[in-house]
Structures are given as C-alpha cells and as structure tokens.
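Heads up, the sequence shown is in the UniProt record's numbering, so the first residue is 1 and it goes up one at a time. So the structure is just underneath, and the comments pick up after that.
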Amino acid sequence: MENLNLKLIFRFLGITAVLNGFFMWLAIPFSFYFEETDVVLGILNSGIITISLGLLLYFFNKPTNNNLLKKEGYLIVTLGWVTLTLTGMLPYLLTGSIPSIPNALFETISGYSTTGSSILTDIESMPKGILFWRSATHWIGGMGIIVLTIAILPLLGIGGMQLFLAEAPGPSADKLHPRITDTAKRLWLIYVGLTIAQFLLLKVAGMTWYDAINHAMATVSTGGFSTKNASVAYWNGMPLIQYIIILFMFIAGTNFVLTYFALKGKFKKVIQSEEFKYYGLGIFLVTTLVTLSIIFFQDDTLKTSIEHPMVFGRVESSFRHALFSVISVVTTTGFVTADFTMWSYFVTAIFFALFFVGGSAGSTSGGVKVVRHIVMLKNSFLEFKKSLHPNAIIPVRYDGKAVKQTIVFNIISFFILYMLIFIVGTVVLAMLGLDIKSALGACASSLGNIGPAIGSVSPVDNFSHLSTGAKLFCSFLMLIGRLELFTVLILFTPFFWKKN
C-alpha cells in the first residue's frame with residue numbers, strides 16, 4: 001500500500017464525484033417541466049451530497065507527486081465506477097423511486113455499465129426526471145466518465161494515458177491524436193454529435209422530444225433503457241423510428257476510431273478494417289438466417305410477434321424485427337421490438353450464441369468483441385499449419401500486420417477467463433434460486449452487458465424477481481464485464497498489492 005499514490009487516487013475520485021453530481025442536476029429541468037416538484041428536491045439534494053463529497057476528496061488530498069502508474073490507473077478506474085454507482089443511487093433513494101438499496105444498486109450499475117437490465121416493473125409510472133437520470137447513467141457510462149475526465153486532467157497537472165488504457169473498451173485503445181487528452185476530446189465530440197443527430201431524427205420520425213432524447217442517449221451508449229414498458233416495441237407501428245435506432249446501434253457498436261475516419265471522409269480506412277468487415281457481414285448473415293427462420297420455419301407451438309396481412313409487409317416486418325434484434329444483441333444495446341425467444345427454439349439458440357460475440361473494440365458495446373474472435377480463430381487455424389510445419393514461424397496477421405504473440409496470449413487468456421466466469425457465475429445464480437435456463441441467460445447477459453436474456457429474464461421480463469443475493473452478484477458481473485475483466489480482477493490478486 002505504501003507505494004500507491006493514495007492522495008492522487010482520492011483526488012481523482014473527487015473529480016469523478018463532482019462531475020457526476022452536476023450530471024444529476026441536468027434531470028432537474030425535466031422534473032420542473034413535468035411538474036414533479038416533489039422529485040426536484042430529491043435530485044437537488046443528491047447532487048449536493050455528491051458534489052460535496054467530491055470537493056472534500058479533491059481539496060483534502062493534494063498529492064506531492066502527480067505521476068500516475070499502472071497500479072493507480074487500475075485502482076482509479078475500478079474505484080471510479082464504484083464511486084459513480086454509490087453516488088448514482090442517490091436520486092433513486094432520495095426521491096423514493098427505488099427505495100430498496102439492492103434494487104437501486106442494481107439499476108444504477110446496470111445504467112453505468114450500459115447493460116440495460118432492470119428491476120422496474122412499471123417504467124411508465126416512474127417520474128420523468130428520474131427516467132432521464134436513468135438514461136443519463138447510460139450516456140455517462142457509454143464512453144466512460146473516466147475518459148471525459150482525462151480531457152480536463154492537463155488543467156490539474158496529471159497525465160492520463162494509463163487511465164485511458166484501463167478504461168477504453170476493447171483489447172486495444174487506438175489513438176486519434178498523439179496526445180491522449182485530445183483523443184478523449186475527439187471521442188466525446190463524436191459521442192455528443194451522434195446523440196444530437198439521433199435525437200433530431202427520432203423527433204422528426206414521430207417520437208416526442210422527451211422519448212427521443214432518452215432513446216438517443218440509450219442507443220449511442222448501447223445501453224437499452226427505454227421510457228416505455230414495451231421498450232421500442234411501443235413503436236412497432238412506426239418502422240422509421242426503429243430503422244433510425246437500428247442505424248445508430250450499428251454505428252455505436254462500431255469502433256469510434258472508424259467513425260472518426262468516416263466523418264473525416266477517409267472511407268477507405270473503414271472499408272479496409274478487418275473487424276468492420278466481419279462485424280457487418282456477420283450481422284447481415286445472421287439477420288438473413290433469422291428472417292428466413294421466422295418466415296418459413298417457425299414452430300407452430302410458439303406464437304410469433306410478427307404478424308402482417310400482406311406478404312411484402314410480413315417479409316419487411318420479419319426482416320426489420322430480425323435485424324433490430326440481432327444488432328441489439330450483438331452491440332449489447334438490449335432494446336426490444338419483439339420477444340426473440342418466441343420465434344423458435346433454433347432462433348433462441350442463435351441469439352444465445354450471439355450473447356458471446358459483442359461489438360467492435362473501441363466502441364461503447366460490451367461482450368467479448370469481434371476482434372478477439374478473429375484473432376482466436378486465426379490463431380487456431382495457424383495451429384493446424386504448425387502441426388504440419390512445426391519449425392515454421394507463422395505469425396497471426398490482423399489488418400495486414402503481424403500481431404504480437406503477447407497480445408494473442410492476452411486475448412486467449414481473456415476468453416478463457418470470460419468463459420470460466422460464465423460457468424462459475426451460472427452455477428452461483430442457480431444456487432441463488434434461478435432455474436438453469438434463467439441462470440445461463442442472466443449470467444451471459446450481465447457479464448456481456450446485454451440486457452435481455454432467456455428464461456425468466458427474457459426480452460419481455462426483467463430482473464425484479466431475482467433474490468437480493470442474485471441481484472448483487474449480477475451487479476458484480478456487470479461491473480467486471482464493463483471493465484473488461486482484468487481491470488477489476490487484477491485487484492484481487494496478491495501480487496498487485498506487493499511493493500514494487
């Protein structure tokens with residue numbers, strides 16, 4: 001412990017809390033607009049408590065050394081998310097919207113981790129200011145408030161590269177600019193720009209301004225919290241709205257570096273990206289398979305949610321719901337237009353497999369990530385070649401470049417650890433009262449930050465019926481899944497705490 005710069009860590013947590021408190025106050029105008037005066041005080045007090053705590057941590061912890069090492073980086077990111085969660089619960093608790101601490105903890109960490117699982121049984125009865133705060137937790141967590149804070153660290157004389165590497169989603173953190181702070185600023189400009197663009201399009205397509213802003217924040221962050229009990233199925237009669245959300249889910253699941261290149265007109269770099277090709281082609285192929293399964297091979301014993309009197313309308317509706325559901329699961333957004341578990345057992349199995357895919361590295365999506373699957377598959381094929389030519393040195397190549405063996409080992413280790421946690425997590429949830437199908441679904445969904453699952457936590461159900469222990473365990477899975485396992489789990493290793 002002596003070699004850790006604790007004052008620097010606490011000061012950073014203070015900055016995180018202050019920013020979180022100001023974000024809370026953004027919900028106050030919504031409560032005023034919808035005449036929820038009793039909610040205003042709760043949100044106001046939540047912000048005051050959070051900002052006060054942050055200021056105390058900041059001003060009473062002036063470090064003598066501003067050098068940030070990897071150890072501090074891992075601690076700051078993990079403790080930063082714990083700080084966000086513990087303070088982010090306050091609006092739910094102080095307004096009485098979610099009076100139970102375990103429930104408030106679950107809903108809050110589901111928001112910040114952009115999982116989108118919920119314990120709310122009647123979303124539309126919730127105060128509008130609270131629902132905005134609920135969507136805001138997605139938006140904050142999507143790119144990571146840590147990255148946002150990196151953009152202002154130069155003002156504090158603190159370098160932030162270690163934090164960006166620990167926080168940025170995916171196996172690597174591509175830089176748009178030599179200076180990490182400028183990278184963070186560019187990422188957030190893209191993030192804000194996409195949110196505003198989707199808000200405007202959804203408003204033009206027929207959503208109310210309130211629903212549009214909430215769904216824009218939840219889509220760009222690949223979160224999935226909706227303002228409606230039926231999620232996006234509420235607008236099943238308005239296909240344009242769903243196609244807009246499909247487009248922005250796809251963009252949000254794409255590496256933000258590629259989005260930056262596309263906005264700069266460098267489309268060749270986007271097209272040449274190996275991960276983007278597999279990401280787009282995979283979604284197209286699975287959507288085609290699911291669409292055909294819905295139309296021709298649906299089990300007669302299962303009732304479909306895809307009904308239309310005209311042949312073309314039925315094909316379009318089947319395609320739209322299939323595409324929406326596939327992208328929603330692959331990008332780990334979790335919005336719902338139909339219950340995919342009711343289409344057929346075959347389709348349900350396909351979607352369960354998609355729980356382990358994830359979006360692109362460097363996106364706001366969760367899961368294993370497409371690039372890891374590409375590298376693992378290429379490495380596996382190379383093992384066949386090496387069996388025939390044991391003395392040959394054949395590196396794994398990605399985007400035309402040789403991948404360092406250390407990165408390959410890291411990716412393989414990540415996947416093994418991911419699957420091990422999934423297996424153990426499923427057993428734990430079964431011990432905590434879930435049937436095996438629901439335990440499989442809840443564990444895969446929480447670890448992959450997906451939202452809807454299978455069993456009793458299907459797209460038309462929620463997590464409210466879970467025991468307190470199961471909710472807390474799922475909350476832990478959501479946290480380690482959002483921070484890519486190693487960032488959190490390394491804190492539980494004895495060598496992390498040894499003196500250098």
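Think of the CB as a built atom: it goes at the ideal place given N, C-alpha and C, for glycine as much as any other residue.
Closer than 7 Å by C-beta to Lys437: which residues in its own chain qualify, once you throw out the five before and the five after it? Chain order, please. Here the set comprises Ile454, Gly455.
Beta-carbon contacts of Asn229 that lie in its chain and below 6 Å, excluding the five residues immediately before and after: Same-chain partners within the cutoff: Ile123, Glu124.
Nearest to Leu354 by CA position, among Val326, Asp399, Ile48, Thr87, is which residue? If you compare the alpha carbons of Val326, Asp399, Ile48, Thr87 with that of Leu354, the shortest gap goes to Val326.
Inter-stretch contact at 8 Å, needing at least 3 Cβ pairs: the region 315–326 / the region 257–274: In short, these stretches do not touch, since the Cβ pair count stays below three.
DSSP state of Lys498 mapped onto helix, strand, coil: DSSP places Lys498 in coil when its eight states are reduced to three.
Any idea if Leu155 is buried or exposed, counting beta-carbon neighbours within 10 angstroms, 16 or more meaning buried? Low local confidence applies: a pLDDT of 42 at Leu155 is under 50, so the model's placement there is unreliable, with the coordinate-based value given in what follows. It counts as exposed.
Within 10 Å of its beta-carbon, does Gln405 have 16 or more other beta-carbons around it, so buried, or fewer, so exposed? Looking at its Cβ environment, which holds fewer than 16 other Cβ atoms inside 10 Å, Gln405 is exposed.
Ends of the alpha helix (DSSP H) at Asn66? Note, Asn66: premise wrong, no alpha helix (DSSP H); not H, not E.
Cα-Cα, which of Gly144, Leu417, Ala136 is closest to Ile490? The candidate whose alpha carbon is nearest that of Ile490 is Leu417.
In chain order, what residues of the same chain have a beta carbon less than 8 Å from the beta carbon of Ile158, not counting five sequence neighbours either side? Residue confidence is low: Ile158 scores 44 on pLDDT, short of 50, so the model does not pin down where it sits. Its coordinate-derived value is still stated next. Same-chain partners within the cutoff: Leu8, Phe12, Asn66, Leu68.
Should the region 278–287 be regarded as contacting the region 379–391, the criterion being three or more beta carbon pairs within less than 8 Å? Counting Cβ pairs under 8 Å, fewer than three are found: no touch.
Buried or exposed: where does Glu35 fall if 16 or more other Cβ atoms within 10 Å of its Cβ makes it buried? Classification of Glu35: exposed, given that the 10 Å Cβ count is below 16.
Based on the DSSP secondary-structure assignment, which residues constitute the bridge partners of Arg397? In DSSP, Arg397 forms a bridge with Ala402.
Rounded to the nearest angstrom, what separates Lys70 and Phe414 at their Cα positions? Going from the Cα of Lys70 to the Cα of Phe414 covers about 19 Å.
Rounded Cβ spacing between Ala205 and Met238 (contact assumed at less than 8 Å): Going by Cβ atoms, the distance from Ala205 to Met238 rounds to 7 Å, so yes, they are a contact pair.
Using a 10 Å radius around the Cβ and a threshold of 16 neighbouring Cβ atoms, would you call Lys369 buried or exposed? Looking at its Cβ environment, which holds 16 or more other Cβ atoms inside 10 Å, Lys369 is buried.
Could you have a look at Asp339 and say whether DSSP puts it in helix, strand or coil? In the structure shown, the three-state DSSP call for Asp339 is coil.
Could you tell me if Ile306 is buried or exposed, where buried requires 16 or more neighbouring beta carbons within 10 angstroms of its beta carbon? With a pLDDT of 49 at Ile306, under the threshold of 50, the predicted position of this residue should be treated as unreliable, and no value is reported.
Once the 5 residues before and after Cys443 are set aside, which same chain residues still bring their CB inside 7 Å of it? Only Phe422, Gly425, Thr426, Leu429, Leu477 meet the Cβ criterion.
Secondary structure at Gly362, three-state DSSP: helix, strand or coil? It is coil, neither helix nor strand.
In this structure, how does DSSP classify Ala453 when only helix, strand and coil are distinguished? Of the three classes helix, strand and coil, the one that applies to Ala453 here is coil, per DSSP.
Do you know whose CA, among Gly142, Glu484, Ile245, lies nearest Thr78's CA? Closest by C-alpha distance to Thr78, out of Gly142, Glu484, Ile245, is Glu484.
Can you tell me whether DSSP reads His138 as helix, strand or coil? In this structure, DSSP gives His138 a helical state, which the three-state scheme calls helix.
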